[in-house]
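S.K.:
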Amino acid sequence: MPEAAPAEAPVRIDRDLCIGAGQCIAYAPQTFVHDDETTAVLREPPHDAEADVAAAVEACPMGALTLRSSVPTE
Amino acid sequence: MTETAPLLDVDRVRELFDLRGAYMAHNGGGFSPDPYPLWAALREQAPVHEGTLHALTEGAEDWTFQGLPERDRPHFTAFTYAACNDVYKDSELFASSANAVDPTASAGVESSMLSMGGAQHRRYRALVQPRFTPKAAEWWIRKSIQETVDALVAHIRPLKRAELNVDFCAAIPVLTITGVFGIPVEQALDVRAAMANPMDVITIVAPLVAARREEPGDDLISVLVQAEVADEDGVVHRLTDPEIYSFCILLLAAGSGTTWKQMGITLTALLQRPEVLAAVREDRSLLRPAIEEALRWQPTDPMFSRFVTRDVDFHGVHVPKGAVMHIALGAANRDPARWERPDEFDIHRPVKPILSFGGGPHICLGMHVARAEMVTGIGALLDNLPNLRLDPDAEPPRYVGFYERGATAIPVLFG
Ligand code: HEM
Ligand code: SF4
């Protein structure tokens, strides 16, 4: 089931679209991780450079990730 | 470490992995000009051209790869990043095969998930995806990559010189996959040879499948024999033998040649730029960016293809239902709309996704394994072979091949 991400989360994950390909984790390993269904979830707290998170969002082959406008940086 | 030296029969490895030898002739192994300037010109003229990539490329011949030859269909090729990405992202309009796939039919790549679409593809891919995540790459390293790499390096190290493309790069992916399948090292080259004829792969794999059905272990075949998949009607069944064989044939075909050639390409790019090689040796965090940049700049498979499922106006071209759309991802990876100085190999670029592992639902299943093999392999060379350099008295490596590109021999000295 889609988990509502907290309002300040940098990225929204559509769990129905995610196939677990792991591109997000390759580009932003401090922000994304797989749960035990091999579906992406956010790490708490997410902390990658803004550019890496943006790359992860773009790299998702399924378009399952949406960047929120306010991405916290380190 | 295994008692190896030599781990594999080196002459046989050379024969099976010679890019210019007969083994690769069908996909353009002998092609030696640099196709990129031609592809740049085509990309500049239009995002999408009518024709196959080889027909559009001067000097190329009537070679085959995914979506080829298909002589009765019209062919188109996408060249810009935007057009290639759009093909990958719309897997309904651009399907991976012309016909529905019956996974219970005879085993082969045509019956594998590579050819499936939609929900069917998703169900089959989900069975193996957990063993192919970034985290699972650590399992692959422990299970076979590290041991393979250590054994090969131990063999090379005392020699002071080596040919890295075949004697190192080629051996790693075959041994990695066969290791994770639980196929003994002595049979690894038989597997490579058998790939030309899927029935031979089945002969090797069948007894293993039977054994793991009896007693599962910590290997990929055991994952497959225990996997359950729902069919169209929601009825759940264990994978049949042909389904498992198709998975095995796909994994062997997709995972051994690609990573070999990409690792050779990466090493060649570094060895030809001693200052870049020195920087990577000095600061190992640059190895990953170097591998990614080599993937962008010189992907081993510069084209994949899709079947068009309805009439569409696509990036300025009318494309009819039934046509084949070729994705010239090699050209897309050098699109100046996306990268500055795109023809330069520059490991310090800002991070930006590339298309070398494809995109959409069929994005490379093995990409994290491939990255782990290249990081482990090249890292071990840098750790163990001081002053690694191209042999100045030997013929320098060049990039050859068309639908499967790679380096010629990579003769090096060290110590
Ligand atoms: C650097 C090495 C590699 C490159 C460049 C590469 C490239 C690709 C590309 C471009 C695709 C997409 C094909 C398409 O669009 O139709 C693909 C798919 C695939 N690759 Fe790789 N690959 C590599 C290594 C591997 C390895 C090591 C494995 C397995 C261990 C593997 C297994 C697969 C599989 C199973 C698929 C099909 C996925 C699907 O249909 O859902 N690849 N690869
Ligand atoms: S890249 Fe996309 S599909 Fe892959 S795990 Fe991340 S969210 Fe899921």
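Sequences listed follow chains P and D, in order.
Take the first sequence: its letter number 9 is residue 9 in the UniProt record's numbering, and every next letter is one higher.
Take the second sequence: its letter number 386 is residue 386 in the UniProt record's numbering, and every next letter is one higher.
We treat Cβ as the ideally placed atom computed from N, Cα and C, and that holds for glycine.
Determine the DSSP secondary structure at P:T66, reduced to helix, strand or coil.
M.R.: In the first sequence, counting from the first residue as 1, residue 66 of chain P sits at position 66. In this structure, P:T66 counts as strand in the three-state DSSP scheme.
S.K.: D:K261 touches chain P at which residues, Cβ-Cβ below 8 Å?
M.R.: As a first step, residue 261 of chain D must be located in the second sequence, where it is residue number 261. Ordered by position in chain P, no residue passes the 8 Å Cβ test against D:K261, which lies about 21 Å from the chain.
S.K.: Is any heavy atom in the ligand SF4 found nearer than 7 Å to the beta carbon of P:P61?
M.R.: The residue labelled residue 61 of chain P in the question sits at position 61 within the first sequence. Checking every heavy atom of the ligand SF4 against the Cβ of P:P61, one is found closer than 7 Å.
S.K.: Any beta carbon from chain P within less than 8 Å of D:G360's own beta carbon?
M.R.: What you label residue 360 of chain D is simply residue 360 of the second sequence in a count that begins at 1. Yes, D:G360 counts as interfacial toward chain P.
S.K.: Measuring straight from C-alpha to C-alpha, what distance separates D:F132 and P:F32?
M.R.: Here residue 132 of chain D is taken as the residue at index 132 of the second sequence, counted from 1. Here residue 32 of chain P is taken as the residue at index 32 of the first sequence, counted from 1. The C-alpha of P:F32 is placed about 16 Å away from the C-alpha of D:F132.
S.K.: Using 8 Å as the threshold, is the C-beta distance between D:T178 and D:A188 below it?
M.R.: Sequence index remark: in the second sequence, residue 178 of chain D carries index 178 (1-based). Sequence index remark: in the second sequence, residue 188 of chain D carries index 188 (1-based). Yes, these two residues count as a Cβ contact at 8 Å.
S.K.: Where D:I327 and D:P158 are concerned, what is the direct C-alpha to C-alpha distance, given to the nearest angstrom?
M.R.: Residue 327 of chain D sits at position 327 when you count from the first residue of the second sequence. Residue 158 of chain D sits at position 158 when you count from the first residue of the second sequence. About 44 Å.
S.K.: What residue does the beta strand (DSSP E) around D:R238 start on, and which one ends it?
M.R.: If you number the second sequence from 1, residue 238 of chain D lands on position 238. Run containing D:R238: V236 to R238, per the beta strand (DSSP E) assignment.
S.K.: Please report whether the beta-carbon of D:H368 lies at a distance below 8 Å from any beta-carbon of chain P.
M.R.: As a working mapping, residue 368 of chain D is identified with position 368 in the second sequence. Interface residue, yes.
S.K.: Please decide whether D:P342 counts as near chain P, where near means a Cβ-Cβ distance under 8 Å.
M.R.: By one-based count along the second sequence, residue 342 of chain D stands at place 342. Taking Cβ atoms only, chain P never reaches closer than 8 Å to D:P342, which makes this a no.
S.K.: Hey, would you say the C-beta of D:L38 is under 7 Å away from at least one heavy atom of the ligand SF4?
M.R.: Counted from its first residue, the second sequence places residue 38 of chain D at position 38. Distance from the C-beta of D:L38 to the nearest heavy atom of the ligand SF4 is not below 7 Å.
S.K.: P:C60 by DSSP, collapsed to three states: which one?
M.R.: To locate residue 60 of chain P, count along the first sequence from 1; it is residue 60. DSSP places P:C60 in coil when its eight states are reduced to three.
S.K.: Report the neighbours of D:T80 on chain P: residues whose CB is nearer than 8 Å to its CB, in chain order.
M.R.: On the second sequence, position 80 is the one that residue 80 of chain D refers to. Those do not exist, as D:T80 stays about 16 Å from chain P at its closest Cβ, beyond 8 Å.
S.K.: Look up D:G406 in the DSSP assignment and give the residues it is bridged to.
M.R.: In the second sequence, the residue the question calls residue 406 of chain D occupies position 406. DSSP lists D:V400 as partners of D:G406.
S.K.: Considering D:M367, what are the terminal residues of the alpha helix (DSSP H) in which it resides?
M.R.: The residue you call residue 367 of chain D lines up with position 367 of the second sequence. Taken as a continuous stretch (DSSP letters only), the alpha helix (DSSP H) holding D:M367 covers M367 to N384.
S.K.: Helix, strand or coil for D:A188 per DSSP?
M.R.: On the second sequence, position 188 is the one that residue 188 of chain D refers to. The answer is helix: DSSP assigns D:A188 an H, G or I state.
S.K.: Assuming contact is defined by CB atoms lying nearer than 8 Å, are D:H36 and D:R334 in contact in what I supplied?
M.R.: Your numbering for residue 36 of chain D matches position 36 in the second sequence. Your numbering for residue 334 of chain D matches position 334 in the second sequence. Just to set this straight, residue 36 of chain D is Tyr in the shown sequence, not His. Yes, the pair counts as a contact, with Cβ atoms nearer than the cut-off.
S.K.: What are the residues that DSSP puts in a beta bridge with D:R161?
M.R.: Start at 1 with the first residue of the second sequence, and residue 161 of chain D comes out as number 161. D:R161 is bridged to D:L413.
S.K.: Please return the same chain residues whose Cβ sits closer than 6 Å to the Cβ of P:T73, not counting the five positions on each side in sequence.
M.R.: Numbered from 1 along the first sequence, position 73 holds the residue referred to as residue 73 of chain P. Note that P:T73 scores 49 on pLDDT, short of 50, meaning its location in the model is unreliable; the coordinates nonetheless yield the value given after this. Excluding sequence neighbours, P:T73 sits near E50.
S.K.: Would you say residue 426 of chain D faces chain P, with C-beta separation under 8 Å as the test?
M.R.: Residue 426 of chain D is absent from the model: chain D starts at 1 and stops at 415.
S.K.: Which stretch, first to last residue, makes up the alpha helix (DSSP H) that contains D:V201?
M.R.: Here residue 201 of chain D corresponds to residue number 201 of the second sequence, with the count starting at 1. Segment P198 to E214, the alpha helix (DSSP H) holding D:V201.
S.K.: I want to see whether chain D comes within less than 8 Å of P:D52, judged by CB atoms only; does it?
M.R.: To locate residue 52 of chain P, count along the first sequence from 1; it is residue 52. With 8 Å as the cut-off, P:D52 counts as an interface residue toward chain D.
S.K.: Would you mind sorting D:D167 into buried or exposed? The rule is 16 or more other CB atoms within 10 Å of its CB.
M.R.: On the second sequence, residue 167 of chain D is found 167 positions in, with the first residue counted as 1. Label assigned to D:D167: buried.
S.K.: What does P:E58 touch in chain D if you count any residue whose Cβ is under 9 Å from its own?
M.R.: In the first sequence, counting from the first residue as 1, residue 58 of chain P sits at position 58. Per Cβ cutoff of 9 Å: K352 and P353.
S.K.: If you draw a straight line from the alpha carbon of D:A380 to that of D:T57, how long is it in whole angstroms?
M.R.: Taking the second sequence and counting its residues from 1, one reaches residue 380 of chain D at position 380. Taking the second sequence and counting its residues from 1, one reaches residue 57 of chain D at position 57. Their Cα atoms are separated by approximately 38 Å.
S.K.: What does a CB cutoff of less than 7 Å around D:P134 pick up in its chain, not counting 5 residues either side in sequence?
M.R.: By 1-based counting over the second sequence, the position of residue 134 of chain D is 134. So the list reads H368, once near-sequence residues are dropped.
S.K.: Does the pairing of the stretch 42 to 58 of chain P with the stretch 19 to 28 of chain P give three or more beta-carbon distances under 8 Å?
M.R.: yes
S.K.: Closer than 8 Å between beta carbons: that is the criterion. Which residues of the stretch 276 to 305 of chain D meet it against chain P?
M.R.: none
S.K.: Compare the C-alpha of D:V400 against each of D:S112, D:A137, D:T300 and D:I204 and name the closest.
M.R.: For the purposes of this step, residue 400 of chain D is taken as residue 400 along the second sequence, with counting starting at 1. Closest by alpha carbon: D:T300.
S.K.: Would you tell me roughly how many angstroms separate the C-alpha atoms of D:I160 and D:S106, rounded to the nearest one?
M.R.: Here residue 160 of chain D corresponds to residue number 160 of the second sequence, with the count starting at 1. Here residue 106 of chain D corresponds to residue number 106 of the second sequence, with the count starting at 1. Sequence check: residue 160 of chain D is Lys here, not Ile. Approximately 49 Å, taken between the alpha carbons.
S.K.: Taking D:P397 and D:I378 to be in contact with their CB atoms under 8 Å, please state how far apart those CB atoms are, rounded to whole angstroms.
M.R.: Reading the second sequence from its first residue, position 397 is the one you call residue 397 of chain D. Reading the second sequence from its first residue, position 378 is the one you call residue 378 of chain D. Not quite, the Cβ-Cβ distance comes to about 15 Å (not below 8 Å), so this is no contact.
S.K.: If we cut at 8 Å on Cβ distances, does P:H47 have a partner in chain D?
M.R.: Mapped onto the first sequence, residue 47 of chain P falls at position 47. Taking Cβ atoms only, chain D never reaches closer than 8 Å to P:H47, which makes this a no.
S.K.: Kindly indicate if chain P contains any beta-carbon less than 8 Å away from that of D:T178.
M.R.: The residue you call residue 178 of chain D lines up with position 178 of the second sequence. For D:T178, the answer is no, since every Cβ of chain P falls outside 8 Å of its Cβ.
S.K.: Please list the residues of the stretch 156 to 171 of chain D that have a C-beta atom closer than 8 Å to any C-beta atom in chain P, keeping them in chain order.
M.R.: none
S.K.: Which partner residues does D:L251 have in the DSSP bridge list?
M.R.: In the second sequence, counting from the first residue as 1, residue 251 of chain D sits at position 251. According to DSSP, which records beta bridges pairwise, D:L251 is partnered with nothing at all.
S.K.: Determine the DSSP secondary structure at residue 504 of chain D, reduced to helix, strand or coil.
M.R.: This structure cannot speak to residue 504 of chain D, because chain D is shown only from 1 to 415.
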